[in-house]
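Undergrad:
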Amino acid sequence: MKVKILRYHAIANWTWDTPKDDVCGICRVPFDGCCPQCTSPGDNCPIVWGKCKHIFHAHCIQNWLATSGSQGQCPMDRQTFVVADSTNEKSETQ
């Protein structure tokens, strides 16, 4: 018996590799959603891991660090905010 496929409709699902139900510490929006500055989640609204192990939407932390009151510190623990070098560093902490 031979089957001929006439149409194929692929559906995909993605999620960020973050703890379940975790939210951005600045805008309080889940990471599978988009920050207030964006219209759709995904590559246009990436997330950033800090060396301090806190996670934020890229736009949220950029805006936070641009304010004079932030003094370049993580809004969660007040350590100097430095973006983690690689995904290996992030995965070592999990």
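For the sequence shown, position 86 matches number 86 in UniProt numbering, and the numbering has no gaps at all. Ideal Cβ positions, reconstructed from N, Cα and C, are used throughout, including at glycine.
Taking a contact to mean a Cβ-Cβ separation below 9 Å, would you say Cys24 touches Ile5 in this structure?
TA: No, Cβ-Cβ distance for Cys24 and Ile5 is not below 9 Å.
Undergrad: On the three-state DSSP scale, how would you describe His59?
TA: Correct three-state label for His59: helix.
Undergrad: Would Gly50 and Cys27 qualify as a contact pair, given that the criterion is a beta-carbon distance under 9 Å?
TA: Contact: no.
Undergrad: In angstroms, rounded to a whole number, what distance separates the CA positions of Asn13 and Asp32?
TA: If you take the alpha carbons of Asn13 and Asp32, they lie about 11 Å apart.
Undergrad: Give the DSSP bridge partners of Thr80, in chain order.
TA: BP columns for Thr80 point to Gln73.
Undergrad: Measuring only from the beta carbon, is Lys53 closer than 8 Å to any heavy atom that is part of the ligand MN?
TA: For the structure depicted, the ligand MN is absent and the ligand set is empty, with no information on it obtainable.
Undergrad: Look at the alpha carbon of Cys38 and the alpha carbon of Val82, and state the distance between them as a whole number of angstroms.
TA: Distance between the alpha carbons of Cys38 and Val82 is about 23 Å.
Undergrad: Can you tell me whether His9 is buried or exposed? The criterion is at least 16 other CB atoms within 10 Å of its CB, across all chains shown.
TA: By the 10 Å Cβ count, His9 comes out exposed.
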